[in-house]
Amino acid sequence: MEQYYDYLKNIILNKYKVKYTFPIKNIKSVLVIAPHPDDETLGCGGTISRLHQEGAKTTVVLMTDGSSGRKGRETSHIRANEFAKATEIIGFDEILTLSYPDGELLEHCSLAKVRMKKIIDETSPDLIFTPYFLDLNKDHISTNLIIKDAIADDDTYIAMYEIWTPILYPDCYINISDTFDKKLAAIECYQSQEAYYQIKDKSVTLNSLRAKLSMKRNIKFTEAFQLFSTQDYIQIINSFYSGG
């Protein structure tokens, strides 16, 4: 946990700087890791749509089949259709599905790491989007464990996005005011989740709040991220979840 405490201490001592753009010029390729259908839209849909418009190749990897609940197979089919529609609206160029059982990703980590390494090698992303490491959904945790091993030999940036757990100290705010309509349209594809979790209202509230907290005027909606270099990301995940 020592690395995690150092991370918090640096934040408290204001040794990090808030950014309003990503620390990479001319982003050519981005990779979004979504543990479940809708994570890619809720966490970074506005940003991905913006990057797509700016010419970056956008790839999303869906880790699980979204089959949680009593009607597993039926739910999986519904969410797969919703995912296909939403990712088309956002503007993903490539869609990859690994289809591990929802809620059981940890049991498949070994194989998933091999597959993820291959995907990263093939897409050569400048930036990888993954869930916030303090979001305690077990598939979100497993996703970070998979990513930290898959990127061990790479030099890239990790942008953690927020879903159910707001990021404690975001250090990157991306203005999505011009692409928020697309994000909302993509969210509306997920009617199975809207019925239970009211995800549209939560997204409007969170992205509006982030805009207000960004200290920038005349911005309506913002997505917030926590940025890490490859090695810092690996150290944080090891420290927090592996006792390293």
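Read left to right, the sequence shown gives residues 4 to 247 (my numbering).
Quick reminder that beta carbons are idealized off the backbone N, C-alpha and C, glycines included.
As the structure is a prediction and not an experimental result, all values here were calculated from the model.
So, helix, strand or coil for Asn221, using DSSP? The answer is coil: DSSP assigns Asn221 none of H, G, I, E or B.
Where Asp157 falls, given that 16 or more other Cβ within 10 Å makes a residue buried: Result: exposed.
Neighbourhood of Arg73 by C-beta distance below 7 Å, restricted to the same chain and skipping five residues each side: Confidence at Arg73 is low in this model, with a pLDDT of 48, below 50, so its placement is unreliable and the value that follows should be read with caution. So the list is empty, once near-sequence residues are dropped.
Does the stretch 137-149 come within contact of the stretch 104-118, defined as at least 3 CB pairs closer than 8 Å? By the criterion of at least three beta-carbon pairs nearer than 8 Å, the stretch 137-149 is in contact with the stretch 104-118.
Residue closest to Phe240, alpha-carbon to alpha-carbon, out of Ile154, Arg220, Ser180: For clarity, residue 240 is Ile in the given sequence; the question names Phe instead. Ranking Ile154, Arg220, Ser180 by Cα distance to Ile240 puts Ile154 first.
Thr126 - DSSP class collapsed to helix/strand/coil: Note: Thr126 maps to helix in three-state DSSP.
Find out if the Cβ-Cβ distance for the pair Tyr236, Val21 is shorter than 8 Å. In terms of Cβ geometry, Tyr236 and Val21 do not form a close pair [threshold 8 Å].
Is it buried or exposed for Leu114, if we count other Cβ within 10 angstroms and need 16 for buried? Counting Cβ neighbours within 10 Å, Leu114 comes out exposed, since fewer than 16 surround it.
Should the stretch 113-133 be called in touch with the stretch 80-95, which here means at least 3 C-beta pairs below 8 Å? With the rule of 3 Cβ pairs closer than 8 Å, the stretch 113-133 does not count as touching the stretch 80-95.
Proximity winner among Ala89, Ala59, Thr67, Lys88, relative to Ser79 (alpha-carbon distances): Residue nearest to Ser79 within the set Ala89, Ala59, Thr67, Lys88 is Thr67 (criterion: CA-CA distance).
Nearest-angstrom beta carbon gap, Gly49 and Lys186 [assumed within contact, 8 Å]: A Cβ-Cβ separation of about 4 Å places Lys186 in contact with Gly49 under the 8 Å criterion.
Own chain residues within Cβ distance below 6 Å of Ser71, not counting five before or after: Here the set comprises Asp105, Gly106.
Would you say Thr182 and Ser52 are within 8 Å of each other, going by their C-beta atoms? Contact flag set, yes.
Inspect the CB distances between the stretch 206-214 and the stretch 129-147 and report whether three or more fall short of 8 Å. No, the stretch 206-214 does not touch the stretch 129-147.
When we look at the beta-carbon of Leu34 and count the other beta-carbons within 10 Å, is it buried (16 or more) or exposed? Counting the other CB atoms within 10 Å of its CB gives Leu34 a total of 16 or more, which places it among the buried residues.
Put Phe95 into one of helix, strand or coil per three-state DSSP. In this structure, Phe95 counts as coil in the three-state DSSP scheme.
Can you give me the start and stop residues for the beta strand (DSSP E) that Cys175 sits inside? It spans 175-178 - the beta strand (DSSP E) in which Cys175 sits, taken as one unbroken run.
Close beta carbons around Ala89, own chain, < 6 Å, minus the five adjacent residues each side: Contacts found: Thr44, Ala189, Cys192.
Nearest-angstrom Cα separation, counted from Ile27 out to Gly247: With a pLDDT of only 48 at Gly247, under the threshold of 50, the placement of this residue in the model should not be trusted; the figure read from the coordinates follows. Rounded to whole angstroms, Gly247 to Ile27 spans 29 Å at the Cα level.
Is it the case that the Cβ atoms of Ala162 and Leu230 are separated by a distance below 8 Å? Going by C-beta atoms, Ala162 is nearer than 8 Å to Leu230.
Give every residue of the same chain whose Cβ lies closer than 6 Å to the Cβ of Gln234, excluding the five residues on either side of it in the sequence, and list them in chain order. Short of 6 Å from the beta carbon of Gln234, and not among the five residues preceding or following it, lies no beta carbon of its own chain.
Where does Glu191 sit, in a helix, a strand or coil, going by DSSP? Three-state DSSP puts Glu191 in coil, outside helix and strand.
Only counting the same chain, and skipping five residues up and downstream in sequence, which positions put a Cβ closer than 7 Å to that of Ser180? Around Ser180: Ile222, Lys223, Phe224.
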